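Undergrad: If you want the working numbering, it's the position in the sequence shown, counting the first as 1, plus 16.
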Amino acid sequence: MKRTLLVGSAMLSIIFLTMYIYFMVTFSLSLDQDLAGWGVLALLVMSPSALMMLIGCIFNILYNVKQKPNQLLSAAIFYSVGCVIVYQIFYFSILQALICWFFWFQLRKELA
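As structure tokens, then:
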């Protein structure tokens with residue numbers, strides 16, 4: 017069960033890092049201003065995620081190489097759960113609130 021959690025977190029790390037690279041390269045370097053804006057937004061959102069996923073991958077590699085089952089495995093599991101609960105939920109909800117407020121403010125400014 018614990019090894020399945022580590023494999024699952026490693027797979028999610030690979031998926032998120034692939035999405036990060038795809039959005040950063042294709043959108044940020046686009047000539048279209050809307051796509052470039054979405055690329056910069058993806059860059060802002062996913063940069064800390066990519067860093068946290070890399071740290072999680074390092075935990076997984078250290079666990080698989082050193083085979084220290086108690087402390088390192090617990091650290092990797094708590095780190096993965098902490099990333100999901102603390103970072104993803106709160107950071108994305110705050111970021112979404114700021115983006116919605118910005119678009120509402122812009123729309124209100126245009127209508128006034």
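All C-beta atoms, glycine included, are put in the ideal place defined by N, C-alpha and C. Computed from a prediction, not measured in an experiment: that's the story for all the values here.
Helix, strand or coil for SER29 per DSSP?
TA: Helix, per DSSP.
Undergrad: With a threshold of 8 Å between beta-carbons, can ILE110 be considered close to chain D, or not?
TA: As a matter of chain content, chain D is missing from the structure shown, which is built from one protein chain.
Undergrad: Report the rounded CA-to-CA distance for LEU57 versus SER29, giving the unit in angstroms.
TA: So the two alpha carbons sit approximately 19 Å from each other.
Undergrad: In this structure, how does DSSP classify LEU57 when only helix, strand and coil are distinguished?
TA: helix
Undergrad: Identify whether ASP50 lies in helix, strand or coil by the three-state DSSP scheme.
TA: The three-state secondary structure of ASP50, taken from DSSP, is helix.
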